[in-house]
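Number of protein chains: 2
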Amino acid sequence: MADEQPTQIPTAQDPVAEGGEEKGPSKNELKKRAKEAEKAKKAAEKAAKQAELDAQKAAADVDYATEFYGKEPLNQSQSRLRRTRVQIASLNPNRDGETVLLRARVQTSRAQGNKMVFLNLRQRIDSVQALLTVTPEKVSKQMVKWTASLQDESIVLVEGVVKKSPEIIKSATVGDVELHIIQIHLIAGLEARLPFTVEDATRAETEIESTAEVQYKRVLLDTRLNNRVVDLRTITNQAVFKLQHGISSLFRQYLESQGFIEIHSPKLQGAATESGASVFKVSYFKGTAFLAQSPQLAKQMAIAADFERVYEIGPVFRAEDSNTHRHLTEFIGLDLEMAIEEHYHEVMELLDTLFKHIFTGLKAQYKQETEAVNRQYPADEFKWLEETLRLTFKEAVDLLVADGVDRSELFDINTENEKRLGRLVKAKYDTDYFIIDKFPMELRPFYTMPDPEDPTVSNSYDFFMRGEEILSGAQRIHDPILLAEKMKSKGVEPESMSFYLDAFKLGCPPHGGGGIGLERVLMLFLKLNNIRRASLFPRDPKRLEP
Amino acid sequence: MADEQPTQIPTAQDPVAEGGEEKGPSKNELKKRAKEAEKAKKAAEKAAKQAELDAQKAAADVDYATEFYGKEPLNQSQSRLRRTRVQIASLNPNRDGETVLLRARVQTSRAQGNKMVFLNLRQRIDSVQALLTVTPEKVSKQMVKWTASLQDESIVLVEGVVKKSPEIIKSATVGDVELHIIQIHLIAGLEARLPFTVEDATRAETEIESTAEVQYKRVLLDTRLNNRVVDLRTITNQAVFKLQHGISSLFRQYLESQGFIEIHSPKLQGAATESGASVFKVSYFKGTAFLAQSPQLAKQMAIAADFERVYEIGPVFRAEDSNTHRHLTEFIGLDLEMAIEEHYHEVMELLDTLFKHIFTGLKAQYKQETEAVNRQYPADEFKWLEETLRLTFKEAVDLLVADGVDRSELFDINTENEKRLGRLVKAKYDTDYFIIDKFPMELRPFYTMPDPEDPTVSNSYDFFMRGEEILSGAQRIHDPILLAEKMKSKGVEPESMSFYLDAFKLGCPPHGGGGIGLERVLMLFLKLNNIRRASLFPRDPKRLEP
Numbered sequence: 001m002a003d004e005q006p007t008q009i010p011t012a013q014d015p016v017a018e019g020g021e022e023k024g025p026s027k028n029e030l031k032k033r034a035k036e037a038e039k040a041k042k043a044a045e046k047a048a049k050q051a052e053l054d055a056q057k058a059a060a061d062v063d064y065a066t067e068f069y070g071k072e073p074l075n076q077s078q079s080r081l082r083r084t085r086v087q088i089a090s091l092n093p094n095r096d097g098e099t100v101l102l103r104a105r106v107q108t109s110r111a112q113g114n115k116m117v118f119l120n121l122r123q124r125i126d127s128v129q130a131l132l133t134v135t136p137e138k139v140s141k142q143m144v145k146w147t148a149s150l151q152d153e154s155i156v157l158v159e160g161v162v163k164k165s166p167e168i169i170k171s172a173t174v175g176d177v178e179l180h181i182i183q184i185h186l187i188a189g190l191e192a193r194l195p196f197t198v199e200d201a202t203r204a205e206t207e208i209e210s211t212a213e214v215q216y217k218r219v220l221l222d223t224r225l226n227n228r229v230v231d232l233r234t235i236t237n238q239a240v241f242k243l244q245h246g247i248s249s250l251f252r253q254y255l256e257s258q259g260f261i262e263i264h265s266p267k268l269q270g271a272a273t274e275s276g277a278s279v280f281k282v283s284y285f286k287g288t289a290f291l292a293q294s295p296q297l298a299k300q301m302a303i304a305a306d307f308e309r310v311y312e313i314g315p316v317f318r319a320e321d322s323n324t325h326r327h328l329t330e331f332i333g334l335d336l337e338m339a340i341e342e343h344y345h346e347v348m349e350l351l352d353t354l355f356k357h358i359f360t361g362l363k364a365q366y367k368q369e370t371e372a373v374n375r376q377y378p379a380d381e382f383k384w385l386e387e388t389l390r391l392t393f394k395e396a397v398d399l400l401v402a403d404g405v406d407r408s409e410l411f412d413i414n415t416e417n418e419k420r421l422g423r424l425v426k427a428k429y430d431t432d433y434f435i436i437d438k439f440p441m442e443l444r445p446f447y448t449m450p451d452p453e454d455p456t457v458s459n460s461y462d463f464f465m466r467g468e469e470i471l472s473g474a475q476r477i478h479d480p481i482l483l484a485e486k487m488k489s490k491g492v493e494p495e496s497m498s499f500y501l502d503a504f505k506l507g508c509p510p511h512g513g514g515g516i517g518l519e520r521v522l523m524l525f526l527k528l529n530n531i532r533r534a535s536l537f538p539r540d541p542k543r544l545e546p
Numbered sequence: 001m002a003d004e005q006p007t008q009i010p011t012a013q014d015p016v017a018e019g020g021e022e023k024g025p026s027k028n029e030l031k032k033r034a035k036e037a038e039k040a041k042k043a044a045e046k047a048a049k050q051a052e053l054d055a056q057k058a059a060a061d062v063d064y065a066t067e068f069y070g071k072e073p074l075n076q077s078q079s080r081l082r083r084t085r086v087q088i089a090s091l092n093p094n095r096d097g098e099t100v101l102l103r104a105r106v107q108t109s110r111a112q113g114n115k116m117v118f119l120n121l122r123q124r125i126d127s128v129q130a131l132l133t134v135t136p137e138k139v140s141k142q143m144v145k146w147t148a149s150l151q152d153e154s155i156v157l158v159e160g161v162v163k164k165s166p167e168i169i170k171s172a173t174v175g176d177v178e179l180h181i182i183q184i185h186l187i188a189g190l191e192a193r194l195p196f197t198v199e200d201a202t203r204a205e206t207e208i209e210s211t212a213e214v215q216y217k218r219v220l221l222d223t224r225l226n227n228r229v230v231d232l233r234t235i236t237n238q239a240v241f242k243l244q245h246g247i248s249s250l251f252r253q254y255l256e257s258q259g260f261i262e263i264h265s266p267k268l269q270g271a272a273t274e275s276g277a278s279v280f281k282v283s284y285f286k287g288t289a290f291l292a293q294s295p296q297l298a299k300q301m302a303i304a305a306d307f308e309r310v311y312e313i314g315p316v317f318r319a320e321d322s323n324t325h326r327h328l329t330e331f332i333g334l335d336l337e338m339a340i341e342e343h344y345h346e347v348m349e350l351l352d353t354l355f356k357h358i359f360t361g362l363k364a365q366y367k368q369e370t371e372a373v374n375r376q377y378p379a380d381e382f383k384w385l386e387e388t389l390r391l392t393f394k395e396a397v398d399l400l401v402a403d404g405v406d407r408s409e410l411f412d413i414n415t416e417n418e419k420r421l422g423r424l425v426k427a428k429y430d431t432d433y434f435i436i437d438k439f440p441m442e443l444r445p446f447y448t449m450p451d452p453e454d455p456t457v458s459n460s461y462d463f464f465m466r467g468e469e470i471l472s473g474a475q476r477i478h479d480p481i482l483l484a485e486k487m488k489s490k491g492v493e494p495e496s497m498s499f500y501l502d503a504f505k506l507g508c509p510p511h512g513g514g515g516i517g518l519e520r521v522l523m524l525f526l527k528l529n530n531i532r533r534a535s536l537f538p539r540d541p542k543r544l545e546p
């Protein structure tokens with residue numbers, strides 16, 4: 001359009017000057033000429049107007065904002081300007097008017113006409129609304145168009161002015177301010193189609209079901225796990241894994257205050273530990289190794305080696321072909337073992353205090369994260385008693401029998417009856433957390449110490465959350481003669497574990513401990529309903545990737 | 001002796017009475033009789049004295065102390081008296097006269113005649129001298145004899161009175177008090193011969209070499225590792241593993257203050273990561289899995305999943321048949337990864353500050369432990385500079401060339417040259433800690449970001465302690481197109497790692513990180529000279545037990 005030239009138009013004066021020297025034209029001729037002149041004048045006026053418009057338009061199409069937006073070159077650490085970047089979480093109405101710089105994901109963008117675009121910018125568990133409006137000399141239409149075309153999940157560097165928002169923006173976690181964009185650059189875009197949007201992946205099942213008007217996309221667990229990197233970006237998952245960190249952090253904090261030290265025991269073992277059936281085999285140079293099913297043997301050996309109180313946080317491997325909501329082939333064990341002075345209830349009580357420390361800590365320090373998870377996975381608040389409920393195995397069985405379960409099927413308490421017991425206990429005692437003590441000897445591994453009076457009963461316990469086992473522990477046999485005897489009676493050849501047995505032959509104090517499944521505690525505290533949601537990159541018999 | 005009856009002796013009166021009525025005896029006869037009477041009298045006196053002694057002795061042999069010593073029945077948690085037990089470390093002259101109860105190992109016992117025995121009692125890194133002396137009604141000879149016969153490394157429960165010791169007892173770490181034993185019971189004895197004494201295992205090599213008079217037993221590393229449970233009981237090893245705990249604790253503390261969260265990535269992988277040659281294969285149900293050689297891929301994926309700053313402490317597996325002083329097949333990796341804003345030096349500098357935090361923390365909080373280790377493994381104090389020395393790879397090479405190394409062999413810096421460089425740097429800059437930046441691209445893995453100006457150089461660094469590498473790190477490639485290209489150029493088929501590549505296709509911020517070998521840092525800080533000493537139960541190509 002700018003290249004188009006206005007048409008050449010004769011002016012009204014020229015014919016008059018011409019006619020002054022030649023013979024006068026006829027009346028008709030004059031009339032015709034006047035008409036033509038009038039027409040030409042109008043055309044000229046129109047053309048001039050058009051020219052003006054075209055000039056205006058040409059001026060408008062010059063992109064005066066090219067430096068304020070666009071794709072950044074690949075960051076190879078070319079320069080270091082040391083410009084301060086802020087966190088979305090730090091924005092608030094007190095910073096009204098302040099210009100800030102931040103890197104964030106574009107969760108969604110929404111254009112309003114061609115002059116305005118709204119972005120939802122996200123960082124971990126926080127989000128804020130940002131907007132870009134055409135402004136002379138500052139924000140061009142091209143800039144708005146480019147911004148509106150950004151793919152969801154692009155990573156951008158945004159410079160903007162914090163503005164107090166006139167009303168709370170519900171679609172953002174930081175809803176009392178918005179960001180008026182001055183500059184926006186693309187740091188990293190996408191080279192593939194998103195398998196699902198983060199918004200869809202964050203939606204609660206209840207919301208999907210309750211809304212009849214809109215047909216929301218449901219993102220299934222398997223799709224999520226196949227595309228775990230995107231799934232993990234939801235505010236829900238960012239919060240889940242902050243809470244996972246919280247659990248092990250509180251675990252450590254309490255144990256260190258009680259004189260425990262952290263150990264790291266080898267996962268590669270020369271012999272299959274505990275039970276040969278569910279152990280993974282490893283090719284080890286020209287021989288075979290096995291993956292540790294728990295740090296049980298090593299932590300007991302650490303006690304025989306005088307460490308007195310030890311804990312370990314590490315992977316535990318189970319080659320069990322269990323495809324359930326609560327089994328993984330690799331999970332994180334929070335294990336501890338300690339010398340006892342008089343009675344194994346010293347350990348059991350320490351574990352109990354530890355759990356209450358964790359629950360209290362999560363409640364006090366991770367309120368925002370818990371609420372974020374609850375928005376997607378609604379859950380009644382986790383409850384526990386000041387004085388923890390302790391049942392003996394026998395008492396637990398009696399409760400179930402009184403509720404109608406046939407005693408003959410209660411040799412052991414299976415998963416279904418565990419949950420039933422959880423409901424019974426919740427109804428009767430209003431707690432989601434309790435202990436069962438004194439399990440039958442037959443249900444426990446060979447290293448469990450028998451009760452001093454009744455050899456069919458053992459000095460062992462399980463801890464429960466919302467009706468599911470989250471810890472198993474016991475006093476262990478520290479006497480090598482009794483230990484070898486129990487090994488034999490459970491079909492374990494003492495010779496095959498001589499390095500372990502030797503530790504006790506060289507003197508070991510009475511001791512006990514327990515092992516906690518980190519993902520189970522996380523799943524049950526938050527009621528995530530499937531343990532895979534509590535593992536960063538879960539492993540089960542059918543899943544080894546991503 | 002007590003059963004022996006005194007001989008029946010006729011009294012002197014009888015012969016006189018007899019002789020009064022019968023014929024008088026001859027003079028000789030009288031003389032003889034007088035002599036016999038004298039003899040009998042002496043014998044009677046002797047017998048009476050003996051009887052008295054025997055009675056005394058019999059009285060002394062009644063063991064009045066049976067309740068004060070002996071073997072305890074096996075602790076099966078029969079009772080819980082809740083008696084307070086103390087730590088040796090808490091004993092001091094201010095507690096003079098106080099009766100205390102404690103459980104400890106008998107490190108050594110030394111009888112003095114049959115009335116006194118000295119014990120060296122040990123708890124973790126502390127020891128105290130205890131003594132038991134025959135005392136009427138309290139400590140019997142039998143009690144002393146029993147105590148003296150306790151095997152080294154027995155675990156005893158001792159009640160005793162704290163006494164300020166007249167002079168410092170050098171053989172104990174708590175040398176200003178001793179414990180006067182009132183009661184001593186055996187909690188756990190030994191059912192096997194000790195492979196070596198803890199005293200022998202604690203002796204410094206320098207002491208063994210410098211003492212010509214005494215032939216000390218040298219306990220070799222392999223013997224120690226075969227009997228690791230006893231070896232770990234030395235005060236030295238108790239201190240080594242407290243320091244190991246210290247390193248990871250300080251690592252965590254610093255990173256958490258910088259907004260990092262702890263993650264747990266799976267060790268079981270569907271594909272061989274990084275390099276197929278040195279990866280352990282695992283039988284995984286009907287298929288095959290691989291053990292992660294590092295959390296590299298997972299932690300980068302966590303960055304693509306928006307966790308921003310993550311760390312992991314976990315086992316790392318290397319199927320390398322390297323039988324050196326510094327290689328293990330399983331070790332603990334202290335890994336971190338973070339998004340960067342402008343330049344990879346942000347990560348490098350954070351890692352540097354982290355290390356200085358660890359060094360400062362160890363020095364301030366683990367002085368006693370460091371000294372304990374130094375007694376067995378003498379080491380010059382670890383030194384670092386306020387402003388860490390940074391060399392480029394090129395500068396490091398130049399230093400070596402200037403010292404006489406042939407430049408043609410410096411394509412890479414091998415172990416020998418690393419150590420040489422460490423000595424050169426120590427001599428020139430007086431530091432045991434420094435950084436080499438900008439490694440040649442060819443020496444680094446495919447995911448390393450090239451320098452923006454010189455593609456033969458990379459944005460990568462190694463950190464060194466006492467001339468050995470303890471950390472390797474870099475800026476990573478976050479662009480999927482460049483990443484795929486680099487994979488191919490290093491012979492890695494992008495398709496084989498699609499789950500990893502996909503993470504970058506869906507948008508990932510610029511990032512970098514590093515991996516630290518926990519055992520290496522521990523070994524080099526303490527100058528233990530062999531990495532096996534820095535691992536609780538070390539694993540190498542030839543060792544899978546204990």
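Chains as they are written, first to last, in the UniProt record's numbering: chain A, 1 to 546; chain B, 1 to 546.
Just so you know, even glycine gets a beta-carbon here, dropped at the ideal spot from N, CA and C.
Run the CB neighbour count on leucine 53 of chain B, radius 10 Å, all protein chains shown included, and call it buried at 16 or more, exposed below.
Result: exposed.
Using CA coordinates, which residue listed in B:Lys170, B:Lys115, B:Val128 is at the minimum distance from valine 144 of chain B?
Out of B:Lys170, B:Lys115, B:Val128, B:Lys115 has the C-alpha closest to the C-alpha of valine 144 of chain B.
Look up asparagine 120 of chain A in the DSSP assignment and give the residues it is bridged to.
Asparagine 120 of chain A pairs with A:Thr108, A:Gln129.
Are the C-beta atoms of proline 440 of chain B and some chain A residue less than 8 Å apart?
Not closer than 8 Å to any Cβ of chain A, the Cβ of proline 440 of chain B fails to qualify, so no.
Are there 16 or more other CB atoms within 10 angstroms of the CB of valine 134 of chain A, so buried, or fewer, so exposed?
That one is buried.
Taking the CB atoms as reference points, tell me whether leucine 225 of chain A and arginine 532 of chain A lie closer together than 8 Å.
Yes. Within cutoff.
Could you tell me which chain B residues have their CB closer than 8 Å to the CB of isoleucine 187 of chain A, listed as they occur along the chain?
Chain B residues near isoleucine 187 of chain A: Pro509, Pro510.
Taking the alpha-carbon positions, what's the arginine 444 of chain A to lysine 267 of chain B distance?
Rounded to the nearest angstrom, the two C-alpha atoms are 28 Å apart.
If the cut is a Cβ gap below 7 Å, which residues of chain A does glutamine 78 of chain B touch?
Here the neighbours are Pro452.
Grouping DSSP H, G and I as helix and E and B as strand, with all else coil, what is lysine 542 of chain A?
Coil at lysine 542 of chain A, not helix or strand.
For proline 440 of chain B, which of helix, strand or coil comes out of DSSP?
Strand at proline 440 of chain B.
So, does the CB of aspartate 96 of chain B fall closer than 8 Å to a CB anywhere in chain A?
No, because no Cβ of chain A sits closer than 8 Å to the Cβ of aspartate 96 of chain B.
Can you list, in chain order, the residues of its chain with a C-beta nearer than 8 Å to that of valine 86 of chain A? Leave out the 5 residues immediately preceding and following it.
Only Val100, Leu101, Leu102 meet the Cβ criterion.
Exposed or buried, residue 555 of chain A, counting other C-beta atoms within 10 Å across all chains shown (16 or more means buried)?
Limits of chain A in this structure are 1 at one end and 546 at the other, which puts residue 555 of chain A out of reach.
Helix, strand or coil, according to DSSP, for phenylalanine 537 of chain B in the structure here?
Coil.
Taking contact to mean at least 3 C-beta pairs separated by less than 8 Å, is the region 442–460 of chain B in contact with the region 425–432 of chain B?
As far as the Cβ criterion goes, the region 442–460 of chain B does not touch the region 425–432 of chain B, which means the pair count is below three.
Report the three-state DSSP secondary structure of arginine 83 of chain B (helix, strand or coil).
DSSP places arginine 83 of chain B in coil when its eight states are reduced to three.
In this structure, what does DSSP give as the bridge partners for methionine 283 of chain B?
Position check: residue 283 of chain B holds serine in this sequence, whereas methionine was assumed. Answer by DSSP bridge pairing, in chain order: B:Thr288.
Taking 8 Å as the cut-off, decide whether the C-beta atoms of histidine 245 of chain B and isoleucine 261 of chain A are in contact.
Result yes, Cβ atoms of histidine 245 of chain B and isoleucine 261 of chain A sit closer than 8 Å.
Any C-beta of chain B sitting closer than 8 Å to the C-beta of serine 322 of chain A?
With 8 Å as the cut-off, serine 322 of chain A does not count as an interface residue toward chain B.
In angstroms with no decimal places, state the Cα-to-Cα distance between alanine 201 of chain B and alanine 379 of chain B.
Taking the straight line joining both Cα atoms gives about 18 Å.
So what does DSSP say about glycine 189 of chain B, is it helix, strand or coil?
Of the three classes helix, strand and coil, the one that applies to glycine 189 of chain B here is coil, per DSSP.
Quick one: what does DSSP say histidine 245 of chain A is sitting in, helix, strand or coil?
Helix.
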